[in-house]
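Our numbering numbers the first residue of the sequence shown as 1 and each following residue consecutively. These notes concern the structure reproduced below.
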Amino acid sequence: MLAAMPPPSSTPPNQGEPPIGGTPGEVAPSPVVRDRDDACPGALRLHTADDGGLARLRLPGGILTNRQVEALAVAAERYGDGHLGITSRGNAELRGIGDHCGNGLAELLRHTALMPSERHERVRNIVASPLAGLDGEGHGTLHPWLRALDALLCAQDWTTALSGRFLFALDDGRGDVAGLGGDVTLLSRDGGSALIRVGATTLRVAAADAPRAALAAAHAFLATANAAGTGAWRVRELPPGHEVDLAAELARAGIPAGPAPTPDEAPAPVPPEPGAVRGPDGTYAVLVAPVLGRVSSGQLRALAGPGGEIRITPWRGFVVPGFDERGARERLAELGDAGFITGPGSPWSGVGACTGRPGCAKALADVRRDALPGAGGLPVYWSGCERRCGHPHGDWVDVTATADGHYAVAVRGDAGEHQLPCPQGELAAAIARARGGRP
Ligand code: SF4
1 MLAAMPPPSS TPPNQGEPPI GGTPGEVAPS PVVRDRDDAC PGALRLHTAD
51 DGGLARLRLP GGILTNRQVE ALAVAAERYG DGHLGITSRG NAELRGIGDH
101 CGNGLAELLR HTALMPSERH ERVRNIVASP LAGLDGEGHG TLHPWLRALD
151 ALLCAQDWTT ALSGRFLFAL DDGRGDVAGL GGDVTLLSRD GGSALIRVGA
201 TTLRVAAADA PRAALAAAHA FLATANAAGT GAWRVRELPP GHEVDLAAEL
251 ARAGIPAGPA PTPDEAPAPV PPEPGAVRGP DGTYAVLVAP VLGRVSSGQL
301 RALAGPGGEI RITPWRGFVV PGFDERGARE RLAELGDAGF ITGPGSPWSG
351 VGACTGRPGC AKALADVRRD ALPGAGGLPV YWSGCERRCG HPHGDWVDVT
401 ATADGHYAVA VRGDAGEHQL PCPQGELAAA IARARGGRP
């Protein structure tokens, strides 16, 4: 039996997941020098939060079978606080885990294939286009890539040296996750080819070689990071003059690669809207989102679908495939009754929040209690302190608790930060103005 291990340092980890922003070739604004391993929690390495143990469960591609959905509902009830949090990488978090519950949780995860390798459980960070193979966009299913890359990661000893933040992004060609700042990004292309991007370098490989190429890229990153000696956890943290030599690594691995056919512009992420989408085969997938990114065990069970799987999106939503038209309509109505956001008109659509009080010791406010519904526009994210854990990508409205008991409102994004005046008593009005975009 494996005991739940304590975090390696007293530094609290980022309690939402690190934002997955970034653009191709992006480098950190100043050299990053790390003198410790990352403290990201996992399924075995629990973080001790103010409301108990916190476990983060890596779910490659956000994919869960119906049996695994039931297992997570049981885990939330038996070991946690009865809820499951959804992260900005399509992973799941259990909170409020009692002392001595780590072994039971690990056992449950092992028996439901949610932890194929204990040593690798924190490095299985893979986001994937959540509608791949379902709606006729992109170049089809990503399941073969997901399965192959996950198996390759778990089969190697050296991959355990990757940080718990190193991210693989698998895009079916529509560009939705290619802009999410993956350390290694694969983009499906026509004609059995794929693009692989690491830092500023993009190369073309055969689609069949793509998972092996992604693994080779991770290997090259570790070698580069070791040579740089700055303890980088992610590609964008590598110091200038220490770029990953992707072409050389692919050649060493015997993977044919060529230049990318066109300059590779990363499109802005396009989160799918709640509702139903029809696939080319006439089946429907239902898309819903939990209010403030958390579901109860009962809500989780309500998601289990006729297709045998559900998918968690990097935008804290769920995709449930396998319906006919009527079934999709009925399930949407049921999930709406269960408290999910089922359409863009919901006042909670686009509203997110970090953990805040009482779960996070750094929090200046109970942001989940204070969060207000709204009327659409830019996504809005409530943070209990300036760390802003798990905030959205692109332009967004930042509502952050301040030490004087109020909130500061700003529009943030690639174009920088724009603060809005927020006189006491006018918070809702300030947020509504900010959601309308930059002045
Ligand atoms: S209060 Fe601060 S540290 Fe805690 S979860 Fe929120 S943003 Fe992160």
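For glycine and all other residues, C-beta sits at the position ideal for the given N, C-alpha and C.
Residues that DSSP places opposite glutamate 309 in a beta bridge:
Thr65
What residues does the ligand SF4 have around it, judged by CB closer than 5 Å to any heavy atom, in chain order?
Gln15, Cys354, Thr355, Cys360, Lys362, Ala363, Ser383, Gly384, Cys385, Arg387 and Cys389
Looking at glycine 140: is its Cβ nearer than 7 Å to the Cβ of serine 129?
no
Measuring straight from C-alpha to C-alpha, what distance separates cysteine 389 and isoleucine 126?
19 Å
By how many angstroms is the C-alpha of glycine 179 removed from the C-alpha of glycine 25?
Unreliable positioning characterises glycine 25 in this predicted model, as indicated by a pLDDT of 37, which lies under 50. A coordinate reading is not provided.
Taking only the alpha-carbon atoms, compute the straight-line gap between isoleucine 431 and aspartate 366 and give it to the nearest angstrom.
18 Å
Outcome for alanine 333 when other beta-carbon atoms lying within 10 angstroms are tallied against a minimum of 16:
exposed
In chain order, what residues of the same chain have a beta carbon less than 7 Å from the beta carbon of glutamine 424, not counting five sequence neighbours either side?
His406
Can you tell me whether proline 29 is buried or exposed? The criterion is at least 16 other CB atoms within 10 Å of its CB, across all chains shown.
Confidence in proline 29 is poor, its pLDDT being 47 and thus under 50, which makes the residue's placement unreliable; the coordinate value appears in the next sentence. With fewer than 16 Cβ atoms within 10 Å of its Cβ, proline 29 is classed as exposed.
Alpha carbon of isoleucine 341 to alpha carbon of glycine 199, nearest angstrom
36 Å
Give the DSSP bridge partners of proline 274, in chain order.
Bridge partners of proline 274: none, in fact.
Go through its chain and collect everything with a Cβ distance to aspartate 150's Cβ below 8 Å, but skip five positions before and after it.
Pro60, Pro116, Arg124 and Ile126
Runs of 4 residues minimum, wholly inside the region 73 to 146: which ones carry the alpha helix (DSSP H) assignment?
102 to 111
With a threshold of 16 other CB atoms inside 10 Å of the CB of threonine 402, please say whether the residue is buried or exposed.
exposed
From Asp176, His219, Phe166 and Ala371, residue whose alpha carbon lies closest to that of arginine 122
Phe166
With DSSP as the reference, please indicate the residues paired to leucine 195 in a beta bridge.
Leu187 and Arg204
Can leucine 146 and isoleucine 310 be called in contact, C-beta distance under 7 Å?
no
Rounded to whole angstroms, what is the Cα-Cα separation between arginine 34 and glutamate 386?
21 Å
Is phenylalanine 166 helix, strand or coil when you go by DSSP?
coil
Grab me the residues of lysine 362's own chain with a C-beta within less than 6 Å of its C-beta, minus the 5 sequence neighbours each way, in chain order.
Cys385
For threonine 355, name the three-state secondary structure that DSSP assigns.
coil
Taking the alpha-carbon positions, what's the glycine 96 to threonine 112 distance?
21 Å
Please state whether DSSP places threonine 342 in a helix, a strand or coil.
coil
Is the beta carbon of leucine 105 less than 7 Å from the beta carbon of alanine 92?
no
Quick one: is aspartate 51 near chain B, going by C-beta distance under 7 Å?
This model lacks chain B altogether, as it is built from one protein chain only.
Which whole-angstrom value is the C-beta distance of valine 397 and arginine 435, which I expect to be below 8 Å?
6 Å
Quick one: any contact between the region 153 to 171 and the region 341 to 358, if contact means 3 or more CB pairs under 8 Å?
no
From the DSSP output, which residues share a beta bridge with proline 259?
Leu203
Out of curiosity, what's the CA-to-CA distance linking proline 421 and histidine 391?
21 Å
Measuring alpha carbon to alpha carbon, tell me which residue in Leu372, Glu237, Ala248 and Thr230 is nearest valine 292.
Correcting the residue identity first, residue 292 is leucine in this sequence and not valine. Here the closest residue by C-alpha is Leu372.
Grouping DSSP H, G and I as helix and E and B as strand, with all else coil, what is alanine 363?
coil
My output table needs one value for glutamate 417: the three-state DSSP class, helix, strand or coil.
strand
To which residues does DSSP link phenylalanine 318 through a beta bridge?
Val288 and Ile312
Return the bridge partner residues of aspartate 398 from the DSSP annotation.
Tyr381 and Ala410
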